[in-house]
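Visitor:
Residue numbers (the numbering used here): 1438 to 1806.
(1) Tell me the residue span of the alpha helix (DSSP H) that contains residue 1513.
(2) Residue 1707 by DSSP, collapsed to three states: which one?
(3) Would you give the residue range spanned by the alpha helix (DSSP H) that residue 1558 belongs to?
(4) Taking only three categories from DSSP, how would you classify residue 1583?
(5) When the Cβ atoms of the segment 1543-1555 are set against those of the segment 1565-1577, are three or more pairs found closer than 8 Å?
(6) With DSSP as the reference, label residue 1630 as helix, strand or coil.
(7) Can you find the residues in the same chain that come closer than 6 Å, C-beta to C-beta, to residue 1723, ignoring five residues on each side of it along the sequence?
(8) Along the chain, where does the alpha helix (DSSP H) containing residue 1463 start, and where does it finish?
(9) Where residue 1759 and residue 1463 are concerned, what is the direct C-alpha to C-alpha distance, given to the nearest angstrom?
(10) Quick one: give me the first and last residue of the alpha helix (DSSP H) that residue 1549 is part of.
(11) Assuming residue 1624 and residue 1721 make a contact with CB atoms under 8 Å, what is their CB distance in whole Å?
(12) Please classify residue 1597: does DSSP put it in a helix, a strand, or coil?
(13) Mapping the DSSP letters down to three states, classify residue 1697 as helix, strand or coil.
(14) If you run the structure through DSSP and keep just helix, strand and coil, what is residue 1554?
(15) Does DSSP put residue 1702 in a helix, in a strand, or in coil?
(16) With a threshold of 7 Å on Cβ separation, who are the neighbours of residue 1706 within its own chain once the five nearest residues in sequence on each side are excluded?
(17) Confirm, please, whether the CB-CB distance from residue 1502 to residue 1485 is below 8 Å.
Structure (structure tokens):
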């Protein structure tokens, strides 16, 4: 009696080695830093148009410059700070001294930014905001770049890194929901006007982002090896040339760039539509709608994250990202039909961006390696 060949029941799934698994403390610490980074990186963008343009009446062209120029400087500073951190040596490690300085500086200058003197000319306010927002983003980079480097070096396992980013995604959604309600907070009846509300809300937000960032410094463990202390310093330009010569990285970076360009180039329009088209100029009602819309977006993302992790583990991150882009393109086509009263249709607009932005934020940080 001949024996039939055995058929494999399926491909063997990857098993993470015990030494590559991260404890809860490390994941919680990194996620705390992610919440701080979410607040730092998005608070000015969330408040910029409603405070500077709608609240102060500043020329929208100048507002656009204020939101764009500091981020351009930030993009140039990031690789320099990364190289500085890579080559830094101290008893506290390479990353944490930068993270502490960034956490404290970002908190201080976020308050200074929004407590600009009352009165004055439009150009005076422009230069004030431009200077202090650039300084704020400098300190944000001092925190964010080393924090991101710690996350990439916490584990050598490809899939454990994906799980780390998924944990960060769940917790940072809470910070993102808070950002969605900033407009509603500054329009609370206890504040006499938008400017006063912005000042006090920004002070509370600064304390929160600094506290979360310092918690990440305390909880995250930076992996240090004996060879790092003796490692030769590396100049920045050879590293930039190496990055520009990495075809896979350029493709990934290009995909992220154009995805962000498409999302953020029109991200402020729903707020104006909610105020002047849906609610006839009622800012308070529109701010509540914006808050609920952002909440729907983030809660929807939370349900989508486990699917991203599962599909990415089985299909690969590249195919998962491509699939999400196609789905997001299809979903965004319905926006044409949703910029119409009643107001509940606006929530569909927020939902349609979940797949693209959620997949980009969760997969691209863990694709290197």
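Using N, Cα and C, we set each Cβ at its ideal position, and we do this for glycine too.
Guide: From the atom records:
(1) In the chain shown, the residue the question calls residue 1513 occupies position 76. Per DSSP, residue 1513 belongs to the alpha helix (DSSP H) from 1497-1523.
(2) For the purposes of this step, residue 1707 is identified with residue 270 of the chain shown, where counting begins at 1. Three-state result, residue 1707: helix.
(3) By 1-based counting over the chain shown, the position of residue 1558 is 121. Residue 1558 -> no alpha helix (DSSP H), and no H or E assigned at all.
(4) Walking along the chain shown from the start, residue 1583 turns up at place 146. Here residue 1583 sits in helix by DSSP.
(5) yes
(6) The residue you call residue 1630 lines up with position 193 of the chain shown. Residue 1630: coil per DSSP, three-state reduction.
(7) Numbered from 1 along the chain shown, position 286 holds the residue referred to as residue 1723. 1711, 1712, 1716, listed in sequence order.
(8) By one-based count along the chain shown, residue 1463 stands at place 26. Residues 1461-1485.
(9) In the chain shown, the residue the question calls residue 1759 occupies position 322. In the chain shown, the residue the question calls residue 1463 occupies position 26. Taking the straight line from one Cα to the other gives about 30 Å.
(10) If you number the chain shown from 1, residue 1549 lands on position 112. Its alpha helix (DSSP H) spans residues 1533-1551.
(11) Here residue 1624 corresponds to residue number 187 of the chain shown, with the count starting at 1. Here residue 1721 corresponds to residue number 284 of the chain shown, with the count starting at 1. The pair is a contact, with the Cβ atoms about 5 Å apart (cut-off 8 Å).
(12) Here residue 1597 is taken as the residue at index 160 of the chain shown, counted from 1. If DSSP states are grouped into helix, strand and coil, residue 1597 belongs with the helices.
(13) Within the chain shown, the letter at position 260 stands for residue 1697. It is helical.
(14) What you label residue 1554 is simply residue 117 of the chain shown in a count that begins at 1. Residue state, collapsed to three classes: coil.
(15) As a position in the chain shown, residue 1702 is number 265, starting the count at 1. Residue 1702: coil per DSSP, three-state reduction.
(16) In the chain shown, counting from the first residue as 1, residue 1706 sits at position 269. Closer than 7 Å at Cβ, skipping near neighbours: no residue.
(17) For the purposes of this step, residue 1485 is taken as residue 48 along the chain shown, with counting starting at 1. For the purposes of this step, residue 1502 is taken as residue 65 along the chain shown, with counting starting at 1. Cβ distance not < 8 Å, so residue 1485 and residue 1502 don't count as in contact.
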